[in-house]
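Trainee: Starting off with a structure, shown below.
Residue numbers (my numbering): 12 to 100.
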């Protein structure tokens, strides 16, 4: 009796898995998840980062600008020229 119930459950699982896989084409929605990251520091060097944001930055069109990503609003207001050395005191 127990063996028959397990066999029926396994067959039903396999049939439902096949139906779920055959149900249309998979789609990946356009999303960005940025719920991780933090601050890392070693000696005089520091690094701030966010996990899972492959689509970040500024997109511009005629008369409009879109700034995406967690760190986009914290943009630096000056230009950086190389060589550049920064030090935390």
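Virtual Cβ for every residue (Gly too), placed ideally from N, Cα, C.
Report the rounded CA-to-CA distance for residue 53 versus residue 72, giving the unit in angstroms.
Mentor: The alpha-carbon of residue 53 is positioned some 40 Å away from that of residue 72.
Trainee: Secondary structure at residue 29, three-state DSSP: helix, strand or coil?
Mentor: helix
Trainee: Please list the terminal residues of the continuous beta strand (DSSP E) segment that includes residue 71.
Mentor: 68-72
Trainee: Beta strand (DSSP E) containing residue 49: first to last residue?
Mentor: 49-53
Trainee: Sort out for me which residues DSSP pairs residue 92 with in a bridge.
Mentor: Beta-bridge pairing links residue 92 to no other residue.
Trainee: Rounded to a whole number of angstroms, what is the C-alpha to C-alpha distance between residue 93 and residue 74?
Mentor: 31 Å
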